[in-house]
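Enquirer: One structure is given below, represented as structure tokens, and several questions about it will come after.
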Amino acid sequence: MGHLPIPGRPQGVAIAGNHACIANSFDFQVVDISDPTVPQLAGNVGPATVTEYWARGVAVSGNHAFVAGVDGLLVIDITDPGAPAVAGSLSLGASGSEIMVIGNTAYVCADDLVLVDISNPANPQEISRVVMPASAEGVSVVGNLAYVGASSAGVQIIDLSNPFMPQLLGGLDTPGLASDLCVAGDYVLVADESYGLQIMQVSNELGPDCNANSILDVLEMAGHQSRDWNDDGILDSCQQGLGLSEVPPVATNRFALHEACPNPFNPQTTISFDLPRQTRATLRVYDVTGRLVRTLLGGGTAREGRNEVVWNGLDAGGRPVSSGVYFYVLEAGEFTDSKRMVLTK
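Sequential numbering of the sequence shown, starting at 239, is according to my numbering.
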């Protein structure tokens with residue numbers, strides 16, 4: 239339909255109305271596409287600024303373009319498409335490859351996944367980062383989940399419900415090197431280098447990890463790591479034919495605190511633990527600041543074997559707590575352990 243020669247190596251493009259913003263190895267360009275048959279260069283930020291960033295990914299929000307490059311994040315004011323200008327920057331300690339902007343937060347792939355506050359475009363600030371098992375190359379954010387194409391580590395999923403403490407939930411390997419990706423409904427479409435396009439069916443909501451192996455159940459089923467022969471959405475390995483309240487005592491010779499089930503949960507979850515002998519136990523719930531939210535067991539005697547306690551998402555005063563990350567801590571005799579759970583609303 240139309241064509242515009244661009245010197246250098248165009249790496250990323252984002253649309254802003256009748257203009258296309260292009261992250262280019264040589265410079266940053268704004269192209270007028272009001273007539274798609276005859277695209278025209280409107281303006282650019284020259285190589286003296288951009289080449290040190292080696293622009294690779296770009297996202298647009300309002301009157302600003304956010305560029306991921308070799309030296310981190312570059313913010314460009316595109317209020318006047320004919321005269322774009324650098325507004326701010328932030329070094330991320332690694333080369334930026336891809337970026338997504340939602341509201342006042344930029345999600346930047348720079349080896350890790352880095353969350354950046356862009357409420358003041360002239361002074362972007364790092365909020366937090368998630369260390370990835372392999373280099374982050376692409377990101378798509380849906381609700382409180384970030385899906386990251388993490389090269390040799392496949393697709394990694396991150397819980398963003400607390401942006402100051404994002405949590406890596408688990409992942410699903412791909413046959414190649416996962417790079418860019420997008421989420422469409424219950425599907426993740428992954429550019430997997432020499433293995434082409436991989437399409438994975440996963441839920442775009444937080445789901446349970448009933449066997450406590452740090453891989454969401456839906457991911458295990460998608461990758462055929464575990465089976466769901468009766469197609470009820472629950473791993474066969476987690477189905478005992480009994481409701482939780484009906485599970486008989488389990489003989490054990492060790493202390494063990496298990497993952498809450500379901501986790502994430504709404505409105506309630508069950509916390510189970512094993513004791514090799516009868517002993518006094520306390521079980522407390524804390525928020526991410528370390529504040530005590532609820533005491534579920536106050537030091538009474540817990541039986542030998544499997545014990546189960548239900549938390550209904552209420553604090554000590556009977557008030558519903560807000561969605562987010564919580565920690566439960568078990569103390570039983572000389573044994574102490576803690577685990578994390580997520581309440582969603």
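Think of the CB as a built atom: it goes at the ideal place given N, C-alpha and C, for glycine as much as any other residue.
Bridge partners for Gly281 per DSSP, in chain order?
Expert: Gly281 is bridged to Val268.
Enquirer: Check Arg336 in the structure and name its three-state DSSP category.
Expert: According to the sequence as given, residue 336 is Glu; it is not Arg. Strand at Glu336.
Enquirer: From which residue to which residue does the beta strand (DSSP E) around Asn545 run?
Expert: Its beta strand (DSSP E) spans residues 543-549.
Enquirer: Terminal residues of the continuous beta strand (DSSP E) containing Gln249?
Expert: First-last of the beta strand (DSSP E) with Gln249: 248-254.
Enquirer: Counting only the same chain and skipping the five closest in sequence on each side, list residues whose C-beta sits under 8 Å from that of Asp430.
Expert: Excluding residues within five positions, the ones whose Cβ falls inside 8 Å are Thr412, Pro413, Gly414, Leu415, Ala416, Ser417, Gln436.
Enquirer: Identify, in the order they occur along the chain, each residue of the same chain with its Cβ nearer than 8 Å to the Cβ of Ala391, setting aside the five sequence neighbours on each side.
Expert: So the qualifying residues of the chain are Met370, Pro371, Ala372, Gly409, Asp411, Ala416.
Enquirer: Looking at the secondary structure, which residues open and close the beta strand (DSSP E) in which Gln394 lies?
Expert: 393-397 is the extent of the beta strand (DSSP E) around Gln394.
Enquirer: DSSP three-state call for Glu572: helix, strand or coil?
Expert: In this structure, Glu572 counts as coil in the three-state DSSP scheme.
Enquirer: Determine which residues share a DSSP beta bridge with Leu382 and list them.
Expert: It is worth fixing the name first, because residue 382 is Asn in this sequence and not Leu. Asn382 pairs with nothing; no bridge assigned.
Enquirer: Taking only the alpha-carbon atoms, compute the straight-line gap between Thr582 and Ile396 and give it to the nearest angstrom.
Expert: Those two C-alpha atoms are separated by around 14 Å.
Enquirer: Hey, out of Val580, Ala519, Thr508, Val548, whose CA is closest to Asp525's CA?
Expert: Closest option to Asp525, Cα to Cα, is Val580.
Enquirer: Is Asn262 close to chain D? Criterion is C-beta to C-beta, closer than 7 Å.
Expert: No chain D is part of this structure, which consists of one protein chain only.
Enquirer: Which class does Glu375 belong to by DSSP, given the choice of helix, strand or coil?
Expert: Looking at Glu375 - three-state DSSP - the assignment turns out to be coil, as it is neither helix nor strand.
Enquirer: Less than 6 Å separating the Cβ of Ile253 from some heavy atom of the ligand GDP?
Expert: Among the ligands in the structure shown, none appear at all, so the ligand GDP cannot be discussed.
Enquirer: Among Ala258, His241, Val559, which one has its Cα closest to the Cα of Arg532?
Expert: Out of Ala258, His241, Val559, Val559 has the C-alpha closest to the C-alpha of Arg532.
Enquirer: Can you give me the Cβ contacts of Gln363 inside the same chain, cut-off strictly under 8 Å, excluding the 5 residues immediately before and after it?
Expert: Closer than 8 Å at Cβ, skipping near neighbours: Leu328, Val354, Asp355.
Enquirer: Any idea if Glu546 is buried or exposed, counting beta-carbon neighbours within 10 angstroms, 16 or more meaning buried?
Expert: Looking at its Cβ environment, which holds fewer than 16 other Cβ atoms inside 10 Å, Glu546 is exposed.
Enquirer: Quick check on Ile244: does DSSP put it in helix, strand or coil?
Expert: The answer is coil: DSSP assigns Ile244 none of H, G, I, E or B.
Enquirer: Given this structure, state the Cα-to-Cα distance separating Ser452 from Ala280, to the nearest angstrom.
Expert: At Ser452, the pLDDT of 47 sits below 50, so the modelled position is not reliable and the matter cannot be decided from this model.
Enquirer: Can you tell me whether Glu497 is helix, strand or coil according to DSSP?
Expert: Reduced to three states, the DSSP call for Glu497 is coil.
Enquirer: Given a threshold of 16 other Cβ atoms within 10 Å of its Cβ, counted over all protein chains shown, does Asn282 qualify as buried or as exposed?
Expert: By the 10 Å Cβ count, Asn282 comes out buried.
Enquirer: So, helix, strand or coil for Ser327, using DSSP?
Expert: Three-state result, Ser327: strand.
Enquirer: Quick one: Cα of Ala258 to Cα of Pro243, how far?
Expert: Using only the alpha carbons, I get a separation of about 14 Å.
Enquirer: For Asn262, collect the residues of the same chain with a Cβ closer than 7 Å to its Cβ; drop the 5 residues on either side in sequence, then sort them by chain order.
Expert: If we look at Asn262 and ignore the five residues flanking it on each side, its Cβ neighbours are Ile244, Gly246, Arg247, Pro248, Gln249, Ala293.
Enquirer: Look at Val567 and Arg529 and say whether their C-beta atoms are less than 7 Å apart.
Expert: In this structure, Arg529 does not lie closer than 7 Å to Val567 by Cβ.
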